[in-house]
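The numbering of the sequence shown is our numbering, which starts it at 246 and goes up by one. For glycine and all other residues, C-beta sits at the position ideal for the given N, C-alpha and C.
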Amino acid sequence: MHETTIAEYLLAQISEEASKQNAKPVAAKISCGKLNAINEDILCFAFDAIAKKTICENMKLIVEQKPLRAECKDCKKSFAIDFESIKCPNCHSENFELLPDAPLMLEEIKFKME
Ligand SMILES: [Zn+2]
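Printed below as a string of structure tokens:
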């Protein structure tokens, strides 16, 4: 299961950062690409299960999905793809190249303030 692997990875990363900061993490923001989409409910469920009795217990995970991006071959601008009308928002060209999907990233960890 994709989400379980991600939950384990996040728990390891967050725990490491928490011990460096010597603080209890309360929330984390994660971003991922559209094609790599994570099921947020399954991820939170998997994370809660493995975070029990660790410093990460009861943390809140927020998942942000980054839009797929493309680069226009005519004006060289990159843009987020809108699936309703796929063309360059700058010059309206349909001559573009898809950019790689955004990787999974741990963007931010919020710690409890003492
Ligand atoms: Zn363009």
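> Tell me, which residues are paired with residue 323 by DSSP?
Replying inline: As a position in the sequence shown, residue 323 is number 78, starting the count at 1. Note: residue 323 sits in a beta bridge opposite 316.
> Can we count residue 319 as close to ligand 1, meaning its CB is less than 7 Å from some heavy atom?
Replying inline: In the sequence shown, the residue the question calls residue 319 occupies position 74. It does: the Cβ of residue 319 is within 7 Å (strictly closer) of some heavy atom of ligand 1.
> Between the beta-carbon of residue 300 and the beta-carbon of residue 260, is there less than 8 Å?
Replying inline: Residue 300 sits at position 55 when you count from the first residue of the sequence shown. Residue 260 sits at position 15 when you count from the first residue of the sequence shown. Yes; because the gap between Cβ atoms is below 8 Å, this pair is in contact.
> If you draw a straight line from the C-alpha of residue 332 to the C-alpha of residue 343, how long is it?
Replying inline: To locate residue 332, count along the sequence shown from 1; it is residue 87. To locate residue 343, count along the sequence shown from 1; it is residue 98. Near 11 Å, if we compare the C-alpha coordinates of residue 343 and residue 332.
> Can you tell me whether DSSP reads residue 290 as helix, strand or coil?
Replying inline: Sequence index remark: in the sequence shown, residue 290 carries index 45 (1-based). Residue 290 falls in the helix class under three-state DSSP.
> Can the beta-carbon of residue 252 be found less than 8 Å from the beta-carbon of residue 280?
Replying inline: The count along the sequence shown starts at 1 and reaches residue 252 at position 7. The count along the sequence shown starts at 1 and reaches residue 280 at position 35. Cβ distance not < 8 Å, so residue 252 and residue 280 don't count as in contact.
> Can at least three beta-carbon pairs, one atom from the segment 317-326 and one from the segment 334-353, be found at a separation below 8 Å?
Replying inline: yes
> Taking the DSSP output, what are the residues bridged to residue 358?
Replying inline: The sequence position of residue 358 within the sequence shown is 113, counting from 1. Paired residues: none, contrary to the question.
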